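Sequence lines, in order, name chains A and B.
Anchor point for the first sequence: position 220 equals 220 in the working numbering, and the numbering is continuous, going up by one each time.
Anchor point for the second sequence: position 46 equals 46 in the working numbering, and the numbering is continuous, going up by one each time.
A virtual CB, placed ideally from N, CA and C, is assigned to each residue, including glycine.
Just so we're clear, the structure is a prediction, and the values are computed from it rather than from any experiment.
Working notes for the structure below.
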Amino acid sequence: MNGNPHITAAWLAKQFPDLQNIEPLSSGGQKQVFSAQHSNDGDVVFKLIHPGVDVERITRELVAVASIHSPRVPGILGQGIISTSIGDCFWLREQRIHGHTVRECLANGPLDTSDLLRLALHISEVLVSAEDINIVHRDVKPENIILDSSGDFWLLDFTIARHLTLDSLTATANVLGHVTWGYAPIEQCLNMKGQIDSRADLFAFGVTLYECSTGINPFSNGTRDLREILQRLQTVVLPPLQLTFSSASEFSDLITTLTQRNRVHRPQNAREAHNWIREICAREQVQ
Amino acid sequence: MEFYLQFGYGMMQHCRHLMSKWGGGTAILSPRDLSPNQLLNISTQITDLPGGQILLDPQVYLPHADHERLCSHDYWPCDYNTGTFFQGHAGRELVRKLVDLNKAIGSREIILPGLLANDIDDIWIESQRSWLEIVREVAGNYSVISTIALGADVIRNQNQIDSLLEVAPSWNADGFYIVCEHPNGNYLVEEPLWIANVLDLVAELRFAGARVILGYCNHQMLVANLVQATAICSGTWMNVRSFPPEKFRTAYEEEIRQRATWYYCPQALSEYKVPFLDIAWGQRILGTMAPPPELDGGYTGRLFEGPQPTTVGFSEQLAFRHYLHALRGQVRALESESYDEARSAQDYLLNEAEDFLRTLNSIGIYGQKRDFTAIIDVNRAALALLHSRRGALLRRRWNSLNS
């Protein structure tokens, strides 16, 4: 915890007697995240959303996660609003996944082939589930993927997920969209809402796979500013990967296709990408 | 990929002859070159042939033009005062007359009108959408082919093509008839991006499950096999082997003038005026320019039997029939079981032509404006871009596109 007017674990423990061993995990401008043990649900993540954050956005995250029904998305176990010293805060209690984010894993270098292919398989499964109910995650990146102790990958944080059938919460007039630079495709960066669909997630997913293969984000690595990232998004075609497994060439083709600048050149949908990955994984005997 | 005959001036005899020889085929009829009566007569003659089929290109590319022959057809729009002849009552009338005409001539599919696009703007998009909506009302059971007619500047402009790629697949047409103006009016296209963008458009529409017919092609568009175009169409004169929009505005008589006779050398992907064959004859390599047996329809024998080529009476009629027969043969030869096989076939075609052209050029045999030497790299560059954009997906979807 830093010195900002945030809520302490001790205060939370008094308000939520069913939570034990509350420990801060992360803290940002909009929310605080804690780990804890719940009397019924076991290990959980407790998120406290600070006042001023758009409640409708949070509601959408809840609906998104609840609707996806994916075993690779942590379930939401409880929710509510609590009055605090900094105002009324929305809170969420989620299933806690023990493991490391892919960002943490990448600190040790690129993923090995088995992890790389399982990540591709598991996360593409989630993207199919999301696509089936018209949800675009919009923030696929190593920070939002966890590798658990069983070797399974989970996709987290649907905070900026978009329901394609609902109105956007990002101002249409904004020139730039709400994105993580270096992962979002050009149509998302430029806030071209009519063009954002599951293929935007496929782009970010492709960049993530490339980074997991090489340790480098090809669109943001070494860039000076956002304009340079934008320029790369419009001009860079990823070079073939130098991997050593038998289907490596096809896996490289997959990543090149996922990361095409123009969405019409990407797989038509998440299911097509997932089927492609499944075929590669079957040949490599990865589940 | 199939090969269709593109009707133009003086095509009737060639069409009957070639379809009889081939045991069938498809011809795209041209109201610009056929009177209403001729349209009915030639349709009957073709559909009476075993395997003979026709499609009618309504040629409403420049509807405000007053081309005499086009204006003589009943369906041709004659009232532009409202500026909305593609909508409402006027649009319905036009489509209804076209449907009646298609029924009368025995066409199993209807090609819809399509305005020439010099800009992919809202009005053009609305006109495309409107024709489709109307035809579904008027003739719900007909298989419908939407015309996409594009000016050269649209095709060479990546943003314009990207806009088209976004909207066209959603039009829900059964097929598309694409006609593309060549840059600078050139017969052979010298801009790789133009070729790459046409291929990209075809691929996108094929991926969307539509049939795609590329109209007004010459042999440069053999590359369309790599995106599994349903068919390319070609004909006799240059103005049916490339799409010159102006010919739908200009008077009929202007094109009837003396032209040179060109021999198509399929292994060089180039055409030669007969006097240049005299040089090959003098250099004693004329025989190597003869079509290979599988592309030889028996039209060029006299050129290669010994005498000086300019003395043997190689006629325009023979030249046209040879071109179309050989091109059809090349289309069929490109049929491939996989994307990689198709790609190799294109590479082979270009590499062989390049080697042969080097030999011919070295001894003074040139195809002038129909020489493919400078075009080989154009096609190679276009294929490289296509591969970069679509290669992996074409490889994966090849069989489903083929079925």
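query                                                                                                                                                                : result
Using the DSSP secondary-structure output, state which residues sit across from C265/B in a beta bridge.                                                             : S270/B
How far does the beta strand (DSSP E) with R325/A in it extend, from its first residue to its last?                                                                  : The structure shown has nothing for residue 325/A, since chain A only spans 1 to 287.
What are the partner residues of L155/A, as DSSP defines its beta bridges?                                                                                           : I145/A
Is DSSP giving V53/A helix, strand or coil here?                                                                                                                     : coil
Suppose contacts are defined by Cβ-Cβ distances below 9 Å. Is A280/B in contact with P307/B by that definition?                                                      : no
Quick check on this structure: which residue in T180/A, Q188/A, E228/A has the alpha carbon closest to the alpha carbon of T208/A?                                   : T180/A
Using only CA atoms, which one of K273/B, A342/B, I195/B lies nearest to D377/B?                                                                                     : I195/B
Return the chain-ordered list of same chain residues with a C-beta closer than 6 Å to the C-beta of D74/B, the five sequence neighbours on each side being excluded. : K97
Using 9 Å as the threshold, is the C-beta distance between A85/A and I7/A below it?                                                                                  : Sequence inspection shows Ser at residue 85/A; the Ala mentioned does not correspond to that position. Cβ atoms of S85/A and I7/A: closer than 9 Å.
Does chain A have any CB closer than 9 Å to the CB of E166/B?                                                                                                        : yes
Looking at the secondary structure, which residues open and close the beta strand (DSSP E) in which I155/B lies?                                                     : Note, I155/B: premise wrong, no beta strand (DSSP E); alpha helix (DSSP H) at 152 to 156.
Let's see if you can read the secondary structure: which residues bound the beta strand (DSSP E) around I111/B?                                                      : 109 to 111
If I follow the unbroken alpha helix (DSSP H) through T101/A, where does it start and stop?                                                                          : It is not in any alpha helix (DSSP H) - T101/A instead sits in the beta strand (DSSP E) that spans 99 to 101.
Here's a check: name, in chain order, each residue in its chain whose Cβ is nearer than 8 Å to the Cβ of R283/A, leaving out the five neighbours to either side.     : S246, S247
Would you say P218/A lies against chain B (beta-carbon separation less than 9 Å)?                                                                                    : no
Between the region 136 to 143 of chain B and the region 158 to 166 of chain B, do three or more beta carbon pairs fall short of 8 Å?                                 : no
Below 8 Å CB to CB, which residues in the same chain sit around Y187/B once its five sequence neighbours on both sides are set aside?                                : N218, M238, R241, S242, K369, R370
Go ahead and label P142/A buried or exposed: buried means 16 or more other beta carbons lie within 10 angstroms of its beta carbon, across all protein chains shown. : buried
At what residues does the beta strand (DSSP E) containing Y177/B begin and finish?                                                                                   : 175 to 180
Specify, as a first and last residue, the run of the beta strand (DSSP E) that Y339/B falls within.                                                                  : Run containing Y339/B: none in the beta strand (DSSP E); it sits in the alpha helix (DSSP H), 339 to 362.
Just mark W124/B as buried or exposed, buried being the case when its beta carbon has 16 or more other beta carbons within 10 Å.                                     : buried
Between T256/A and chain B, is there a C-beta pair that is closer than 9 Å?                                                                                          : yes
Could you tell me the alpha carbon to alpha carbon distance between V331/B and L62/A, rounded to whole angstroms?                                                    : 56 Å
Residues in the region 192 to 208 of chain A with C-beta within 9 Å of chain C's C-beta atoms, listed in sequence order?                                             : No chain C appears in the structure shown, which is made up of the protein chains A and B.
Return no unless some Cβ of chain A is closer than 9 Å to the Cβ of S170/B.                                                                                          : no
Relative to the C-alpha of Q13/B, which residue among E354/B, L34/B, A104/B is closest?                                                                              : L34/B
Buried or exposed: which applies to T214/A, given that a residue is buried once 16 or more other Cβ atoms fall within 10 Å of its Cβ?                                : buried
Measuring only between beta-carbons, confirm whether H38/A sits less than 9 Å from chain B.                                                                          : no
How about N269/A and E125/A: are their beta carbons less than 9 Å apart?                                                                                             : no
So which residues on chain B does Q260/A lean against when the C-beta distance must stay under 8 Å?                                                                  : R389
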